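Student: Please read through the structure below; I'll follow up with questions.
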Amino acid sequence: MTAEISQNITKTFKFSYPTCTNEDLLFKLEVPVDIPHAGSTRELVQRVINMFHIPVYLEEELNEKLAQFVAEETKNFHNERDMKLLNQLKNSEINVEGIVKSWEKLFKDNVMEFAEQKGTSDEEVFAAAYHKLVHSPALETILQVENSYAKTVMNTLKNRDEDIKKLTQMQTEEMEEKVRLLNTTTTEEEINELAAQQFEQQALVAGRWGSQLDALRQTQRAQHRAWLMNTLEEYQSTSALNTPSNSPLATFSPEAVIVPSPAAPTGERLEESFTIHLGSQLKQTHNIRIVAMDLLDLCSVEQVDNPTESSRRLQTSLSLYSSELAGVVLLTESPPRRPAPPTTLLLDAAARSTEHHFADVEHQLRDISERVQEPVERRNKQRVKEQAEGAPGGGGAPGGGGGGRFRSNTKRNLQTGDIFITRHSNLAEVHVVFHLIVDDSSLRSGDITSRHPAILGLRNILKAACSNDITSISIPLLLRHEMSEEMTAAWCARRAELVLKCVKGFMLEAAGWGGAELRTLHFALPPRAAPALFAQLATLTPNIFRISNPVKCKPKA
Amino acid sequence: MFQENEDDCKFAACTYFAKNHPGEMCGSNGLPLTPSSITILGRAQRLLTIEHANLCTYLDVIRGKHERIIVVAEVIGKSLKECKSKFSYEEVTNIAKQVACGLKFLHDQDITHRTLSDDNILIDNDGRVKLFNYGLYYMTDRGKEVSFPLGLPRYLSPETILNGGGPAADVWSFGIILLELCIGKLWNNLKPGPILRRILTLVHANNPAERIAREHDCFEQYKQVPENLRNVIEKCLKIYPSDRATFTELVEDLSQMDSKQLVEVKRPRGLMGCKLQYLYHWWQLAGGDIQAELKKNYLVKNSPPILSMPIAILLDGCTIGGKSGALFDRRLAKYSLDLLKSRLSHVPPHDYYPLMHERRKEYDAVTLPKIIRERDTEYQFYRLLWFQRLLHGYPYTAPYIRAEAEVDIPPLVRGDVWAALLGVVGDIEEQYERIDKETPTPTDRQIDVDIPRCHQYCWLLCGSAGHRTLKRLLKAWLLTNPQYVYWQGLDSLTAPFLYLNFCNEARAFACLSAFVPKFLHKFFLKDNSAVIKEYLAKFWQMTAFHEPELATHLHEINFVPELFAIPWFLTMFSHVFPLHKIVHLWDALLVEGPALPLFMGVGILRQLRDTLLSSGFNECILLFSDLPEIDIGECVKESIEMCRSSPRSISYRRFTNEAQTKDPMDIVEIPMETLFTEISPRINLSDFFSLICQDKCCVIDIRSNLLYEKSCIDGSINVPYSGVHLGQRELRALGLHPQRVIQEAIKLKKNVVVAAVEEETAQLFTDYLVKCGVPRVCILHGGISALLTNVPSLFTVPPKRNGHK
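The listed protein sequences derive, respectively, from chains A and B. At position 499 of the first sequence the residue is numbered 498 (numbering that gives the first Met the number 0), and the sequence of numbers has no breaks. At position 190 of the second sequence the residue is numbered 189 (numbering that gives the first Met the number 0), and the sequence of numbers has no breaks.
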């Protein structure tokens, strides 16, 4: 509803009663009463009687009178306000058109009966179809098909890389030859010309491969969609379907599907899991895992034929349209417009296979940077203004960490502590990537507080996860992806403690938000973290969180 | 007896989303804002208590994921909108009268309907009319907690459109409804905008009703409406709210006009005659699923969350992109009771009317854990009907209620049963009304700090309605108990009563007022150290009595109860456990009486026994700082067992409100200093006597053998104290015969009573026995001499044993 006009007013309740000795001499009582009165009038009467020592025989009368008074005044209050409004309307002092328009909009935007009938979007139809099929016997075929598609893309990528490598090698040789002959048969201009030529060639080849890949992806995507929709139709008509008959697998050479390559040794990961309890009276259970790994490992699919890889993919596909999503937090210094590592690495990982469900990551990033411009600009202007005013709150305002370094060209960009979000269907273990923009130099320093933008960003991420059904999330424990020299053991312990404590606080808070439950949290250490450091940080966890002890069944004595 | 089609559906649900708070806002107290759904839930509780012949009873308000609210309420017949046939003027008058009755009742309760429309007025085949979901405006705090507009455009009064409107707006809507019943649907096929514009132009009309009729080319038809009915319509459709009739007047007018007599419907028997709330409860237990039906009707749509992911979140929490608000769908999902009917089809008709003095049937379910019994449809069916009977007869049935509560208490009537167990009677509303809960006091600050931290996982208690009521209760209690002060923990203690009596503040208060003197006498004194010290000392003695090994270990690492157990007893465990466990704990507490908490403390320790035995001081502190999960069912069972098997006098405390006894047989009181030094409790002479009579004790006489041989308690053994090496912690050291006797006593779970002449030797010897791991050790109060004075008949001369030198 729009602005409420109801403000309480105060009316005075008057009551008088004769004194005991003289009938004409009256005690007068005046009590201010808020209209509309929120509480019970009978209680008010009791307070009045106590406060003014009014004889109890007047209780009944007071009860009645006050109730009547409040009822009457409340009615008058409403009626007078409404009369004023209606008179204004009669005298055309009210913007009728504006009011009607706003009601119209309210009804149209919020109530089913008056809303424009929207059909289900293509996206939703496809989502429903896919979700249904991956939970049917067709699952295996779907995954095989997707694998083969991915394989084709990877092969193409490999060819491209080889091609470019060959070209580069050839060009280098050619250039070396030229340079060797410099001042004998060739001139500097010729070399420059060659360099330009070579650059052009490179661009040409890259462009050709690029468009080839694009075309391939588009074909695959279209084919995949068409095939899925067909399969669904068939599935629904026959209602029992074992293996889809019209699988596009037929177009692939058989060995591409079957040959399982030996599992690549991924190296021993350091990891430790805990089941914890949160809450002082009612306890919620969560899983926490400390692991030393590169968070990008959660994203990239290295080999499609590897059985462990395909089981990871299987889980991801099954839950893609469910309400148990998996997310990861990546720290980046750059806005979506100009991706830098680790965003670029994510781009590479995502490019290894066709994105069948959502827009390409490049598209998503472009879309994000366009759509955030306006709100961000508004916000940044506000911030600059606040700083210019030298507002006392400026220092304490969130974003104080990165706020000092505004340049005019950053005013439309996301700032430290802001987050942009991409979604994926073709990554190994995650569906959603939270890109948290950080200022690496401030994170390098040891002393950050719980009000640091990166920590506040984490809170926003957990909140978003909660309200968008992300139940498993991976977080860089030290807020750094790589080890560096200032990260001493003490530094790491301090940072890990801060992050764990803050996350604990956020999780407790999240319990009241009424969203999805954050079931699993992975805290990732940089992959090169020493085992000693890992052990030290792993022992930190049970000190911060309460480890649940298993219920033991004791045989009756 | 009733028409199939109509009675199939007894209740219906509708659902909507509460408003999301934009960004990151904090309330004035610096805490995060309460989610709108919580506020709605708190406000809606009052609606659940409203009962009126012309109003559909609210049955449940559920908070779903992501701020979804589901409202479940009674339904009958079908809505006026669905009624295709036209009503006669006589019928219209009758409908109008019933609707007006319902609305009058609401207005008397200070509830404005505001959303009256043809689809929420229900009518059944007998012509009975009920209003459905009349509380939407009320529960959403005048629409503030939702983002969609309330009501249908054509029923909005002019002042409502201008964003004003009080209760008189309902009179306008009522007038429109009547007019529609007489001349047909108004402004059919028009969009909201044009309808609202037309309503607003009515302000220029002298007689809006006529004007509307003319607009619809129904003027002739309107003129044919009986004059008195037309008068009523015109009294409602006045432009100025002050000119409109009130429902009190309308009910009067319509009652005079109304000539139609409703057919008297006999109250249905059997299942359909049960209280609707019970039916709903059983239906849920039988597997009824509110959400499933909503999903089937597409009222709950699950769009995959990945499709509505936001694209960015700014540091201040502002979210860009992502899901747009769901549309408010006015449709209902109706539920049939078939599921329940078939579940209970084998129940014979007379079981619906249990008789008080009839022998109770035994149910197999009684042996199952409480949590399972609470989910058993049939068991709850019998229990609820039985308790309903008993509660009906309260206070005369109080002993029956107590006896039944010992078995278990059906969750649905727990509030009533607790009040009965606590002996709450009389005009509690009036008593509560007389207490000033508004005037600020110095403790308010502390209360305000504590309340937002008290059982906040509970959706009822964490809303503003819960906070306000809790504060009022605490203030009222402090005011009526001037001898006491506010100790932190009083809030937790009040919470269970508020939780069970959310809409019955007076009863919550009466329960609290009865509970404290019974269980926590003098605990809330400004200086309560003596009371708490005595309680803890008693608790420690009970631990030694039932868990000697554990007690010895804790004594040795110097882990005293002061370190952890104060909040346990000060709040009767309500600070340490979540509400769903507290209720089971207190169910037992209220039945068993004030001695039980001591044993519950022991029960908790017993569950942690293994961990504690292997822990040092620091680990223990850590363990208790955040208590691990405790199996409450088991804990309650064991503590009751311990409590019942222990002689009453060993748990005697001086700080209770029970009358002091002067009988030397019953006295066990000892100076506090002595109490703190004694590890084992004392037993009084009468308990001792009855133990002897039941052969449930093993008496150890620690006088010298000379005295013993002169005269001793019949059946006692003699272990002269002078011959005991206290350093050796083995029973074997006492000699073969005593060892055998004591081990036999342990096996038979007998109490081991130490009788002496000097207190000190008795203390040291019992301490020794506890260290040896002997359970159930206690000291005979007053020793041999007191026994000899009071019960000389127990004494005898020991037989000279052969071979004994």
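By construction, the Cβ of each residue, glycine as well, lies at the ideal position given by its N, Cα and C atoms. Being a predicted model, the structure only gives us computed values, none of them experimental.
Please list the segments of the alpha helix (DSSP H) lying wholly inside the segment 8-47 of chain A, counting only runs of 4 or more residues, in order along the chain.
Tutor: The segment 8-47 of chain A contains no whole alpha helix (DSSP H) run of 4 or more residues.
Student: Could you name the residues of the same chain whose beta carbon sits closer than 6 Å to that of B/Lys436, not counting the 5 residues immediately before and after it, in chain order?
Tutor: Arg471, Lys474, Ala475, listed in sequence order.
Student: Please state the DSSP three-state secondary structure of B/Gly320.
Tutor: In this structure, B/Gly320 counts as strand in the three-state DSSP scheme.
Student: Could you tell me whether the segment 194-202 of chain B touches the segment 41-58 of chain A, using the rule of 3 or more Cβ pairs below 8 Å?
Tutor: Contact fails: fewer than three Cβ-Cβ distances are below 8 Å.
Student: B/Asn227 by DSSP, collapsed to three states: which one?
Tutor: B/Asn227: helix per DSSP, three-state reduction.
Student: Are the C-beta atoms of A/Gln414 and some chain B residue less than 8 Å apart?
Tutor: Interface residue, yes.
Student: Does DSSP put B/Glu73 in a helix, in a strand, or in coil?
Tutor: Reduced to three states, the DSSP call for B/Glu73 is strand.
Student: Determine, using beta carbons only, whether B/Met541 and B/Ser650 come nearer to each other than 8 Å.
Tutor: Yes, these two residues count as a Cβ contact at 8 Å.
Student: At the 8 Å Cβ level, is B/His454 part of the contact set with chain A, yes or no?
Tutor: Judged by the 8 Å Cβ criterion, B/His454 is in contact with chain A.
Student: For a cutoff of 8 Å on Cβ pairs, would you count A/Gly393 as touching chain B?
Tutor: Reliability of the predicted coordinates at A/Gly393 is poor, the pLDDT of 40 falling under 50, and the value obtained from them is presented with this limitation in mind. A/Gly393 does not count as touching chain B.
Student: With respect to the beta strand (DSSP E) encompassing A/Pro475, which residues constitute its N-terminal and C-terminal limits?
Tutor: Note, A/Pro475: beta strand (DSSP E), 469-475.
Student: Under the three-state reduction of DSSP, which class applies to B/Val693: helix, strand or coil?
Tutor: Checking the sequence, you will find Gln at residue 693 of chain B rather than Val. Here B/Gln693 sits in coil by DSSP.
Student: Do A/Leu85 and B/Tyr239 come within 8 Å of each other at the CB atom, strictly closer than that value?
Tutor: Yes, the pair counts as a contact, with Cβ atoms nearer than the cut-off.
Student: Please identify, using Cβ separations under 8 Å, the residues of the segment 285-314 of chain B that lie next to chain A, in order along the chain.
Tutor: Taking 8 Å as the Cβ-Cβ cut-off against chain A, the residues of the segment 285-314 of chain B that qualify are Asn301, Ser302, Pro303, Pro304, Ile305, Leu306, Ser307, Met308, Pro309, Ile310, Ala311, Ile312, Leu313, Leu314.
Student: Closer than 6 Å by C-beta to A/Ala390: which residues in its own chain qualify, once you throw out the five before and the five after it? Chain order, please.
Tutor: Because the pLDDT of A/Ala390 is 49, which lies under 50, any placement of that residue in the model is unreliable, and the number read from its coordinates should be weighed accordingly. Correct list: empty, nothing qualifies.
Student: Would you tell me roughly how many angstroms separate the C-alpha atoms of B/Asp363 and A/Lys131, rounded to the nearest one?
Tutor: So the two alpha carbons sit approximately 43 Å from each other.
Student: What is the DSSP secondary structure of B/Ser87, reduced to helix, strand or coil?
Tutor: Note: B/Ser87 maps to coil in three-state DSSP.
Student: Can you confirm whether A/Pro374, when its beta carbon is compared against all beta carbons of chain B, has any partner nearer than 8 Å?
Tutor: At least one chain B Cβ lies under 8 Å of A/Pro374.
Student: Quick one: which chain B residues come within Cβ less than 7 Å of A/Val95?
Tutor: Those are Leu199, listed as they occur along chain B.
Student: Span of the alpha helix (DSSP H) holding A/Ile163?
Tutor: Taken as a continuous stretch (DSSP letters only), the alpha helix (DSSP H) holding A/Ile163 covers 138-179.
Student: Could you please tell me which residues of the segment 218-234 of chain A, in chain order, have their CB closer than 8 Å to any CB of chain E?
Tutor: No chain E is present in this structure, whose protein chains are A and B.
Student: Spell out whether any CB of chain A is found under 8 Å from the CB atom of B/Val202.
Tutor: So yes, B/Val202 belongs to the interface.
Student: Quick check on DSSP: helix, strand or coil for A/Glu3?
Tutor: For A/Glu3, the predicted model reports a pLDDT of 42, less than 50, meaning its position is unreliable; a value from the coordinates is still stated below. In this structure, A/Glu3 counts as coil in the three-state DSSP scheme.
Student: Thinking just about the alpha-carbon of each residue, which of B/Leu524, B/Thr48, B/Thr570, B/Trp282 is nearest to the one in B/Arg374?
Tutor: Closest by alpha carbon: B/Trp282.
Student: Helix, strand or coil for B/Gly163 per DSSP?
Tutor: Looking at B/Gly163 - three-state DSSP - the assignment turns out to be coil, as it is neither helix nor strand.
Student: Determine the DSSP secondary structure at B/Asp700, reduced to helix, strand or coil.
Tutor: The answer is strand: DSSP assigns B/Asp700 an E or B state.
Student: Pull out every residue of the segment 224-258 of chain B whose Cβ sits closer than 7 Å to any Cβ of chain A, in chain order.
Tutor: Of all residues in the segment 224-258 of chain B, Ile238, Tyr239, Pro240, Ser241 have a Cβ within less than 7 Å of some Cβ in chain A.
Student: Between B/Ala167 and chain A, is any beta-carbon pair separated by less than 8 Å?
Tutor: At least one chain A Cβ lies under 8 Å of B/Ala167.
Student: Got a sec, what are the start and stop residues for the alpha helix (DSSP H) B/Glu757 sits in?
Tutor: Element bounds for B/Glu757: n/a, residue is neither H nor E.
Student: For B/Glu729, tell me which candidate among B/Ala761, B/Ile712, B/Glu548, B/Lys748 has the shortest Cα-Cα distance.
Tutor: Residue B/Glu548 is the option with its Cα nearest to B/Glu729.
Student: Any beta carbon of chain B sitting closer than 8 Å to that of A/Phe505?
Tutor: Closer than 8 Å: no.
Student: Rounded to whole angstroms, what is the Cα-Cα separation between A/Ile143 and A/Ser424?
Tutor: Just to set this straight, residue 143 of chain A is Gln in the shown sequence, not Ile. Cα to Cα, A/Gln143 sits roughly 15 Å from A/Ser424.
Student: So, does the CB of A/Asp417 fall closer than 8 Å to a CB anywhere in chain B?
Tutor: Judged by the 8 Å Cβ criterion, A/Asp417 is in contact with chain B.
Student: Answer yes if the segment 503-515 of chain B comes into contact with the segment 613-627 of chain B, meaning at least three C-beta pairs across the two stretches below 8 Å, and no otherwise.
Tutor: Because the criterion of three Cβ pairs below 8 Å is not met, the segment 613-627 of chain B and the segment 503-515 of chain B do not touch.
Student: Between the alpha carbons of A/Gly401 and A/Arg443, how many angstroms are there, rounded?
Tutor: Bear in mind that the predicted position of A/Gly401 carries a pLDDT of just 42, short of 50, making it unreliable; the figure below should be weighed with that in mind. Answer to the nearest angstrom: the Cα atoms are 14 Å apart.
Student: Report the three-state DSSP secondary structure of B/Ile669 (helix, strand or coil).
Tutor: In this structure, B/Ile669 counts as coil in the three-state DSSP scheme.
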